[in-house]
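Heads up: the sequence shown begins at 1 in our numbering, then just goes up one per residue. Backbone N, C-alpha and C define an ideal beta-carbon position, used for all residues, glycine too. For clarity, every value in this text was computed on a predicted model and none was experimentally measured. Reading through the structure tokens given below for one structure.
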Amino acid sequence: MSSLDTRLGVLRGTAPPIPHNARTLAALTANPSCDRRSLLDAVGIDKDALAAHLGLPRPLRKSQLALDYGLAFERKVTAQAGAPLVPLLRQALCLTPSEVSYEDVNSVGSDDDKSPLKLRRAHTRSRILSAAHRRTDDPRTLLDHPVLRLTVAGHQAYLEPDIIAFQRDGLFHVVEIKSFPVIHGQPDPIKANAALTQAAAYVLALRELLASDDLPTDRVSDTVILVNPRNFTRHPTATPFRAHKQIKNLSRHLGRLRRLPELLDKLPPGTTFDLAPGPDQRPTRPRGELVAALATVRPYYTPGCRHHCDLAFHCRAEARNQGRTEALGARVRDDLAGIDTIATALALIDGHLHPSRDQKDITQALRHAQRIHADLQTDSA
Ligand code: SF4
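In structure tokens:
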């Protein structure tokens, strides 16, 4: 085990790591400036369990009904060795019937339902490189439950796309099965963008794999296939989407992420996010200690956090308690760049604080806004 893994293990405690997944990587593009999230994700902290132990609402928690529906849809699509999926992809990717076959990497060399992640990753890698090099006449064209690896903030994250499809000419496509509907050929644009951003992570991981074996990365297509329920039915439909923009965005955000060792070096000695589960697996760690541990890592709260982060309510309360400008929204924070707290802004307006050279323009703008506000109040009185 590397010293980095040992440090991450101390931060995580006894809990197994929660690997980066499509959702967490998509969230990077939503708030790449948040050190707190970057660190917790890299460490593999179960943020949902953390939020639950802190007694917070869990904004991302899906209802059991929604989870069951998503699972049932995925099973329907991949049932009988991908039989319902094959004709859809054959059409979407223009494959000929003889080119299509299916392999489930979920149970590699094991009777267990799920083989260990690293074994599945090794198997995925061997299958993909074999196909890419055409070292065999292997006719397989669909890999179900593959496992890929992507470098995130200098650390290896394991990712599990739904399907990787590849043609005989070696062009790979990522296929994502999503339970939101495509109605008259149009998915919900916000959900489709989130799904394509998730798929972008898989595209980058697949490209990293090919590059590690000196293969050209353009053999992984920008075109991603989303498989969704059609209209208001449970019948699947496959739609190709260009994910070029999402791939570029995610790649840029990954490049900007602070390197994990830098974040770790800033932590006070002894910091841990261990929930200290008792014999009944319930967390026993005092909440105050966890809140203090979270406070050691810089957040970057925006009201949009509630759409992509389990800790949104914690960070919002923290921002409000500290009177930070981000509690008023990302727009206000950006407009007041260089002024961190509402108290500082008010003190600059009423003259209790002398503006620094950098704060002169924004102070003038704030005083001007305050005069307009005062005039309006006088007019309406
Ligand atoms: S909720 Fe908190 S930890 Fe999560 S992204 Fe926002 S600021 Fe970062």
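(message) By the three-class DSSP mapping on this structure, what secondary structure does Leu353 have?
(response) As a first step, residue 353 is located in the sequence shown; it is residue number 353 there, counting from the start. In this structure, Leu353 counts as coil in the three-state DSSP scheme.
(message) Considering just the uninterrupted stretch of the alpha helix (DSSP H) at Tyr69, what are its terminal residues?
(response) The sequence position of residue 69 within the sequence shown is 69, counting from 1. Segment 64–82, the alpha helix (DSSP H) holding Tyr69.
(request) Check whether the Cβ atoms of Thr363 and Leu348 sit closer than 9 Å, and answer yes or no. (result) By one-based count along the sequence shown, residue 363 stands at place 363. By one-based count along the sequence shown, residue 348 stands at place 348. Their beta carbons are under 9 Å apart, which means Thr363 touches Leu348 by this criterion.
(message) Just verifying my parser: in three-state terms, what is the DSSP assignment at Pro283?
(response) Along the sequence shown, one-based indexing puts residue 283 at 283. Pro283: strand per DSSP, three-state reduction.
(message) Can you check which of these residues, Ile225, Leu206, Ile339, is closest to Ala92 by C-alpha distance?
(response) For the purposes of this step, residue 92 is taken as the residue at position 92 of the sequence shown. The candidate whose alpha carbon is nearest that of Ala92 is Ile225.
(message) As a quick check of your reading: which residues have a C-beta less than 5 Å from at least one non-hydrogen atom of ligand 2, in chain order?
(response) Looking for ligand 2 in the displayed structure turns up nothing; the ligands present are ligand 1.
(message) I'd like the list of long-range same chain contacts for Ile342, defined as Cβ closer than 8 Å, with 5 residues on each side in sequence excluded.
(response) Taking the sequence shown and counting its residues from 1, one reaches residue 342 at position 342. Here the set comprises Gly323, Arg324, Thr325, Ala327, Leu328.
(message) Applying the 10 Å Cβ sphere with the 16-neighbour rule, what's the burial state of Leu39?
(response) By one-based count along the sequence shown, residue 39 stands at place 39. By the 10 Å Cβ count, Leu39 comes out buried.
(message) Spatial neighbours of Arg7 within its chain, please: C-beta separation below 7 Å, excluding the five flanking residues on both sides.
(response) Here residue 7 is taken as the residue at index 7 of the sequence shown, counted from 1. Residues of the same chain with a CB within less than 7 Å of the CB of Arg7, apart from the 5 flanking positions on each side, are Leu264 in chain order.
(request) Name the residue from Leu117, Pro87, Ala131 whose alpha carbon lies nearest to the alpha carbon of His145. (result) Walking along the sequence shown from the start, residue 145 turns up at place 145. The option with the nearest alpha carbon to His145 is Leu117.
(message) What does DSSP give as the partner residue(s) for Pro277 in the beta ladder?
(response) If you number the sequence shown from 1, residue 277 lands on position 277. For Pro277, which the question treats as bridged, DSSP gives the partners Pro283.
(request) Write down every uninterrupted run of the alpha helix (DSSP H) in the region 281–325 whose length is 4 residues or greater and which is fully enclosed by it, in chain order. (result) 287–294, 312–321, all fully within the region 281–325.
(message) Helix, strand or coil, according to DSSP, for Asn193 in the structure here?
(response) Numbered from its first residue, the sequence shown carries residue 193 at position 193. Here Asn193 sits in helix by DSSP.
(message) Determine whether the beta carbon atoms of Pro299 and Ala330 lie at a separation below 9 Å.
(response) In the sequence shown, counting from the first residue as 1, residue 299 sits at position 299. In the sequence shown, counting from the first residue as 1, residue 330 sits at position 330. Not closer than 9 Å, so no.
(message) For a quick check, are the C-beta atoms of Ala26 and Ala157 less than 9 Å apart?
(response) For the purposes of this step, residue 26 is taken as residue 26 along the sequence shown, with counting starting at 1. For the purposes of this step, residue 157 is taken as residue 157 along the sequence shown, with counting starting at 1. For Ala26 and Ala157, no; Cβs fall outside 9 Å.
(request) State the DSSP-derived secondary structure class of Thr223, mapped to helix, strand or coil. (result) Here residue 223 corresponds to residue number 223 of the sequence shown, with the count starting at 1. Three-state DSSP puts Thr223 in a strand.
(request) Could you tell me which residues DSSP puts in a beta bridge with Val152? (result) Locating residue 152 in the sequence shown gives position 152, counting from the first residue. As computed with DSSP, Val152 is found in a beta bridge with His155.
(message) If I measure Cβ to Cβ from Thr271 and keep anything under 6 Å in the same chain, skipping five residues before and after, which residues do I get?
(response) Stepping through the sequence shown from its first residue, residue 271 is reached at position 271. Closer than 6 Å at the Cβ level, and outside the excluded window around Thr271, lie Ala293, Thr296.
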